[in-house]
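Residue 61 in my numbering sits at position 32 of the sequence shown, with consecutive numbering throughout.
All C-beta atoms in this analysis are idealised placements derived from N, C-alpha and C, irrespective of residue type, glycine included.
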Amino acid sequence: MKGKRAPEVRVNHRIRVPQVRVIDEDGEMVGIVDTPQALALAAEKGLDLVEVAANSRPPVCRIMDYGKFKYEAAKRSKKAKAKQHTTQLKEVKLRPKIEKHDFDFKLRHALKFLEGRDKVKVTVIFRGRELAHIDLGRKVLDNFVEAIGDNAVVELPPKMEGRNMSMVLAPKSQKNKATSSKEEDSQV
């Protein structure tokens with residue numbers, strides 16, 4: 030089994046019902062017509078009779094160019110597929126005693142991930158005696174959130190998981206950015 034095939038649209042002589050409701054190429058309702066008469070009407074205009082609503086009684090058929098119809102449907106599905114984005118979880122690892130340049134480097138990577146509409150897991154890794162100073166790790170995460178600014182929202186707040194403290198940042202949606210910028214304008 031290779032996959033599900035799309036339900037086949039019945040065209041011209043594949044329409045096997047005695048009567049159909051016909052819509053012409055301009056979108057005007059012709060009415061309920063015998064199928065052979067509807068086929069003759071479509072052939073007279075050099076177009077195809079395409080069944081668009083098979084479940085209704087009688088089935089609704091439209092007079093149109095079937096090749097163009099298939100092309101438009103393929104174009105719509107391709108456009109819808111292009112708009113979809115699967116969000117991934119990227120990770121940025123930090124240490125409690127991180128230098129300014131390293132912090133900025135990790136911050137740039139996180140911003141790049143967020144611009145790509147991916148979530149970012151920011152993890153502070155504690156080693157040895159660093160576990161006694163968890164407050165330093167929380168401070169690093171707070172600085173990270175402050176540096177990210179309006180580009181993200183904290184989806185999961187910082188919490189300890191074994192020797193690591195981590196939080197998850199999600200990209201701010203376009204709607205949220207627009208409303209927050211409007212709020213800032215109204216406050217000024």
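Rounded C-alpha distance that separates residue i from residue j
i, j, result
"N172", "A109", "39 Å"
"T152", "L123", "6 Å"
"S202", "G145", "12 Å"
"R45", "H114", "41 Å"
"N180", "K119", "15 Å"
Nearest-angstrom Cβ-Cβ length linking residue i and residue j, presumed shorter than 8 Å
i, j, result
"V76", "D94", "The amino acid occupying residue 76 in the given sequence is Leu; Val does not appear at that position. Sure, about 6 Å apart at Cβ, within 8 Å."
"L160", "R137", "Rounded, the Cβ-Cβ distance is 28 Å, inconsistent with contact."
Spatial neighbours of residue i in its chain, beta-carbon cut-off 6 Å, leaving aside the 5 residues before and after
i, result
"E184", "V197 and A199"
"K150", "L118, E120, S195 and V197"
Closest residue to residue i among the options (Cα-Cα distance)
i, options, result
"C90", "F155, K148, I61 and E73", "I61"
"R272", "P88, R105 and P187", "Absent from the structure is residue 272, since the part of the chain shown begins at 30 and ends at 217."
"M189", "I177, F155 and A176", "F155"
"M194", "F134, A102, R167 and A176", "R167"
"P125", "K107, R158, G96 and E101", "R158"
"P47", "E54, D63, V40 and M58", "D63"
"A72", "V81, E57, I92 and A83", "I92"
"V40", "D55, A82, K150 and L170", "A82"
Close beta carbons around residue i, own chain, < 8 Å, minus the five adjacent residues each side
i, result
"S85", "R50"
Sequence-distant residues of the same chain with beta carbon closer than 7 Å to residue i, five excluded per side
i, result
"V174", "V183"
"K112", "none"
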